[in-house]
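Residue numbers (our numbering): 64 to 164.
Right, here's the structure in full:
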């Protein structure tokens, strides 16, 4: 979740579905951007006017959605290491065969 705020200093407090504070983001500039993402979900957001001067909050391009993740594939470096070990064994075997002839 994220959005632009104008003017002044605003703090976003993000809460989990269990109403636990996940974290806070302070936007301390005109037209600043603030945002937060949490894999456990966000149930509510509290906006706090840090200037306490009745500032207005304007949101543009506010996005609420889910984060899509993909599975991490097995590292190909393990396969490369296996191929390298096989090449070393084959090279050693070839040297032994040549030295015996």
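We treat Cβ as the ideally placed atom computed from N, Cα and C, and that holds for glycine.
- For residue 115, the closest C-alpha among the options 163, 73 and 86 is that of 73.
- At a Cβ-Cβ threshold of 9 Å, residue 87 and residue 76 count as neighbours.
- For the 9 Å CB-CB criterion, residue 113 and residue 89 form a contact.
- For residue 100, no alpha helix (DSSP H) run applies, since DSSP gives it neither H nor E.
- In the structure shown, residue 133 adopts coil according to DSSP, grouped into three states.
- Beta-bridge annotation (DSSP): residue 76 is paired with 87 and 109.
- Contact between residue 104 and residue 79 holds, since their C-beta atoms are separated by about 7 Å, short of 8 Å.
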